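Residue numbers (this note's numbering): 221 to 487.
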């Protein structure tokens, strides 16, 4: 576990670097709370500041907690109206997150990096598909039963495992799954995703803190920005047409997949 950051030959962070982290956090918080793509901004910036790939991933996870708090405060309307779904989705995601974080402690995540671009591309395809289909219809109270319920819970568990094990762009994968399998609006699916990933990140971070380096002094400025961006994101989602959001997120996912493909195979 590391409290400080001494990149660039051992020098502490400058005021400029702190400012960059705050602005990066705002952008990452917006992207995360609207779609689940904070890694598109945050991960490359941390690498550019000299943080190792593994530490950049877990430091980003730590800062993402602030996004979850901000988006949760902004999404109380959606969460209160869907308490049962919130508990169900979050429970399976957290269980998966515990398994993933434990797995990361005993098995390296480098091999998994080569699979990530394809997972994100699949999520983008699912999001575009959800834009041209009607939401899943359930009974009163948004109850989904049978094999669809089993399948949804199993996939959410796996996404939680992915969050705990690697985490990059996991939010968009979960958002795509929830958008396809739940009879709710995009804003509600997004709120559920934000809350579930918040608790999953907290659980994973507790394990990370004892198994790898988390640059806590970088988390602070990142977290300030991510809280601001995380709070603003759900407010924007409420006022943008759902179909446009789904299409935009789907297209952006393919761009993110291309970036991770480049870093995994071509860099």
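We put the CB at the ideal spot given by N, CA and C, even for glycine. Treat the numbers as computed from the prediction; the structure is a model and nothing was measured.
Check your understanding: Sorted by chain position, which residues of the same chain lie with C-beta nearer than 7 Å to residue 279's C-beta, five sequence neighbours on each side aside?
Key -> 266, 271, 434, 435, 438, 439
Review point. Which word fits residue 263, buried or exposed, when buried means at least 16 other C-beta atoms lie within 10 angstroms of its C-beta?
Key: buried
Exercise for review: Label residue 260 either buried or exposed according to how many other C-beta atoms from any shown protein chain fall within 10 Å of its C-beta, with 16 as the threshold for buried.
Suggested key: buried
Check your understanding: Excluding sequence positions up to five away, which residues of its chain have a Cβ less than 7 Å from the Cβ of residue 343?
Key -> 392, 393, 396, 473
Practice item. Could you tell me which of 398, 236, 284 sits nearest to residue 250, measuring between CA atoms? Key: 284
Check your understanding: Nearest to residue 350 by CA position, among 482, 471, 478, 412, is which residue?
Key -> 471
Review point. Which same chain residues, not among the five before or five after residue 334, have their C-beta less than 6 Å away from its C-beta?
Key: 484
**Study point:** contact_flag[the region 406 to 419, the region 299 to 313] where n(CB pairs < 8 Å) is 3 or more
**Key:** yes
**Study point:** N- and C-terminal bounds of the alpha helix (DSSP H) containing residue 473
**Key:** 462 to 481
Review point. Excluding sequence positions up to five away, which residues of its chain have a Cβ less than 7 Å from the Cβ of residue 325?
Key: 427, 431
Review point. Residues in its own chain within less than 7 Å of residue 293 by CB, not counting five upstream and five downstream?
Key: 451
Exercise for review: Using a threshold of 9 Å, state whether the C-beta atoms of residue 447 and residue 336 are closer than that.
Suggested key: no
Check your understanding: Hey, which unbroken runs of the alpha helix (DSSP H) at 4 residues or more fall wholly within the region 404 to 473?
Key -> 406 to 431, 436 to 457
Check your understanding: According to DSSP, is residue 272 helix, strand or coil?
Key -> coil
**Study point:** CB of residue 340 within 9 Å of CB of residue 384, strictly
**Key:** no
Review point. How many angstroms separate the CA atom of residue 460 from the CA atom of residue 315?
Key: 33 Å
Check your understanding: First and last residue of the alpha helix (DSSP H) that includes residue 398?
Key -> 390 to 401
Review point. By Cβ distance, which residues of its chain are closer than 8 Å to residue 399, with the 5 residues on each side in sequence left out?
Key: 346, 347, 350, 355, 406, 409, 466
Check your understanding: Within 10 angstroms of its Cβ, does residue 303 collect 16 or more other Cβ (buried), or is it exposed?
Key -> exposed
Review point. What whole-angstrom Cβ distance do residue 379 and residue 389 have, given they're in contact under 8 Å?
Key: In fact, because the Cβ distance is near 11 Å, the residues do not count as touching under 8 Å.
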